[in-house]
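Numbering (this note's numbering), first residue to last: 644 to 905.
Before any comments, here is the structure.
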Ligand SMILES: [Zn+2]
Ligand SMILES: [Zn+2]
Ligand SMILES: [Zn+2]
């Protein structure tokens, strides 16, 4: 059977402040290690010439320029915290380049927050203006996007919630403090896991590195990549201390997996 290659590019691997953190003089924030330079969390999923962006991070413009992204065909949102949505206006150049609107997918609750927070985008009717052209699509269950099977996954994120996404053997679980049992079942058999692993110390809204490793150990993927990293995590010191098959994400990192042909 022939296969379809899917490429995932980690656009941003940093926590909400980014790393370096402005005004911080800690060793990680002052380090010259390029993998300690972390923009806000987002990934790009590319297959058969289509680009699906997960979240519009505060750093979207910089990420798009760095990776030479020429088009964005759809956006999936995980949740509406500022670090995951504040780059939404940076979708505008992609409208101009393609001459088309961009579908954005989120759960009903998050679409309502996006409409409220970015009313200038959604409430201007047909009036032209300096705003991205987006069409909101509600996610309520798994769906197919450009032939890719997109499975939304419920996650607990501190006092709130977020969505993870599974695409075949790959899953992206940013911003979570707990993975519910029903979601663990939906993750059975995955091979590549990108998961929140903020820092070593516990945090109310994010998995610590040891908690993330415990989730990974239960799921048993071949490869686990920790993301949403804070300035407590030093790539040069800590990457080599992780268990086999476990990595720290870094900006610009790229990985590939395969799906059976449709
Ligand atoms: Zn976040
Ligand atoms: Zn720092
Ligand atoms: Zn968040």
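The C-beta atom is built at its ideal place from N, Cα and C for all residues, glycine as well.
Fair warning: this is a prediction, and the values are worked out from it, not measured in the lab.
Taking 7 angstroms as the cut-off, is the CB of residue 700 close to at least one heavy atom of ligand 3? Counting from 1 along the chain shown, the entry for residue 700 is found at position 57. Not so, every heavy atom of ligand 3 lies at least 7 angstroms from the Cβ.
Contact set for residue 703: own chain, Cβ-Cβ below 6 angstroms, skip 5 residues either direction: Stepping through the chain shown from its first residue, residue 703 is reached at position 60. Here the set comprises 730, 733.
What span of residues does the beta strand (DSSP E) with residue 710 cover, start to end? Position 67 of the chain shown, counting from 1, holds the residue named residue 710. Going by DSSP, residue 710 is part of no beta strand (DSSP E) but of the alpha helix (DSSP H) stretching over 703 to 710.
Please state the DSSP three-state secondary structure of residue 800. By one-based count along the chain shown, residue 800 stands at place 157. Of the three classes helix, strand and coil, the one that applies to residue 800 here is strand, per DSSP.
Per DSSP, what are the beta-bridge partners of residue 915 in this structure? Any question about residue 915 goes unanswered here, given that the chain covers just 644 to 905.
Compute every distance between the C-beta of residue 874 and the non-hydrogen atoms of ligand 2, then say whether any falls below 7 angstroms. Looking up residue 874 in the chain shown gives position 231. At a threshold of 7 angstroms, residue 874 counts as near ligand 2, since its beta carbon sits closer than that to one of the ligand's heavy atoms.
Given the structure, does residue 726 come close to ligand 1, in the sense that its CB is under 7 angstroms from one of the ligand's heavy atoms? Within the chain shown, the letter at position 83 stands for residue 726. Flag set: Cβ of residue 726 near ligand 1.
Could you please give me the residues that DSSP links to residue 782 through a beta bridge? By one-based count along the chain shown, residue 782 stands at place 139. Checking the DSSP bridge columns, you'll see residue 782 has no partner listed.
Local conformation of residue 890 per DSSP, three classes: On the chain shown, residue 890 is found 247 positions in, with the first residue counted as 1. Residue 890 falls in the strand class under three-state DSSP.
Am I right that residue 694 and residue 714 are in contact with their C-beta atoms under 8 angstroms? What's the rounded C-beta distance? Stepping through the chain shown from its first residue, residue 694 is reached at position 51. Stepping through the chain shown from its first residue, residue 714 is reached at position 71. About 6 angstroms; that satisfies the 8 angstroms criterion.
Is the beta carbon of residue 667 closer than 8 angstroms to that of residue 846? Against the chain shown, residue 846 aligns to sequence position 203. Against the chain shown, residue 667 aligns to sequence position 24. No.
Considering residue 826, what are the terminal residues of the alpha helix (DSSP H) in which it resides? As a working mapping, residue 826 is identified with position 183 in the chain shown. Taken as a continuous stretch (DSSP letters only), the alpha helix (DSSP H) holding residue 826 covers 824 to 829.
Distance, residue 661 Cα to residue 899 Cα: By 1-based counting over the chain shown, the position of residue 899 is 256. By 1-based counting over the chain shown, the position of residue 661 is 18. For residue 899 and residue 661, the distance between alpha carbons rounds to 25 angstroms.
Cutting at 7 angstroms between CB atoms, please list the residues of its own chain near residue 664, excluding the five before and the five after it. The residue given as residue 664 occupies position 21 in the chain shown. Sequence-distant Cβ neighbours of residue 664 in its own chain, meaning closer than 7 angstroms and more than five residues away, are 672, 874.
Touching or not, the stretch 835 to 844 and the stretch 863 to 870, by the rule of three or more beta carbon pairs under 8 angstroms? In the pairwise beta carbon analysis, the stretch 835 to 844 is classified as touching the stretch 863 to 870: at least three pairs are separated by under 8 angstroms.
Closer than 8 angstroms is the cut-off here; do at least three beta carbon pairs connect the stretch 880 to 890 with the stretch 782 to 801? Note that the stretch 880 to 890 does not touch the stretch 782 to 801; fewer than 3 beta-carbon pairs, one per stretch, sit closer than 8 angstroms.
Segment limits, alpha helix (DSSP H) that includes residue 691: Against the chain shown, residue 691 aligns to sequence position 48. Per DSSP, residue 691 belongs to no alpha helix (DSSP H) and is neither H nor E.
Reference residue 809; option with closest CA among 649, 669, 833: Here residue 809 corresponds to residue number 166 of the chain shown, with the count starting at 1. With distances taken between Cα atoms, residue 809 lies closest to 833.
Separation of residue 818 from residue 803, as counted between CA atoms: What you label residue 803 is simply residue 160 of the chain shown in a count that begins at 1. What you label residue 818 is simply residue 175 of the chain shown in a count that begins at 1. Straight across, the Cα-Cα distance linking residue 803 with residue 818 is about 10 angstroms.
Less than 8 angstroms between the C-beta atoms of residue 893 and residue 653, yes or no? Position 250 of the chain shown holds residue 893. Position 10 of the chain shown holds residue 653. Yes, these two residues count as a Cβ contact at 8 angstroms.
Excluding sequence positions up to five away, which residues of its chain have a Cβ less than 8 angstroms from the Cβ of residue 862? Position 219 of the chain shown, counting from 1, holds the residue named residue 862. Answer for residue 862: 827, 830, 831, 833, 836, listed in chain order.
Could you compute how far the alpha carbon of residue 776 sits from the alpha carbon of residue 822? As a working note, residue 776 is residue 133 in the chain shown. As a working note, residue 822 is residue 179 in the chain shown. Cα-Cα distance, rounded: 34 angstroms.
Delimiting residues of the beta strand (DSSP E) encompassing residue 885: Residue mapping note: residue 885 aligns to position 242 of the chain shown, counting from 1. From DSSP, residue 885 is part of no beta strand (DSSP E); its letter is neither H nor E.
Contact set for residue 717: own chain, Cβ-Cβ below 7 angstroms, skip 5 residues either direction: Position 74 of the chain shown, counting from 1, holds the residue named residue 717. Annotation for residue 717: 695, 745, 746, 748, 788 place their beta carbon closer than 7 angstroms to its own, counting only its chain and skipping 5 residues before and after.
Please state whether the Cβ-Cβ distance between residue 647 and residue 891 is less than 8 angstroms. Along the chain shown, read from residue 1 onward, the residue named residue 647 stands at position 4. Along the chain shown, read from residue 1 onward, the residue named residue 891 stands at position 248. Not a contact, by the Cβ cut-off of 8 angstroms.
Please find out if some non-hydrogen atom of ligand 2 comes closer than 7 angstroms to the beta-carbon of residue 667. Along the chain shown, one-based indexing puts residue 667 at 24. Indeed, a heavy atom of ligand 2 lies less than 7 angstroms from the Cβ.
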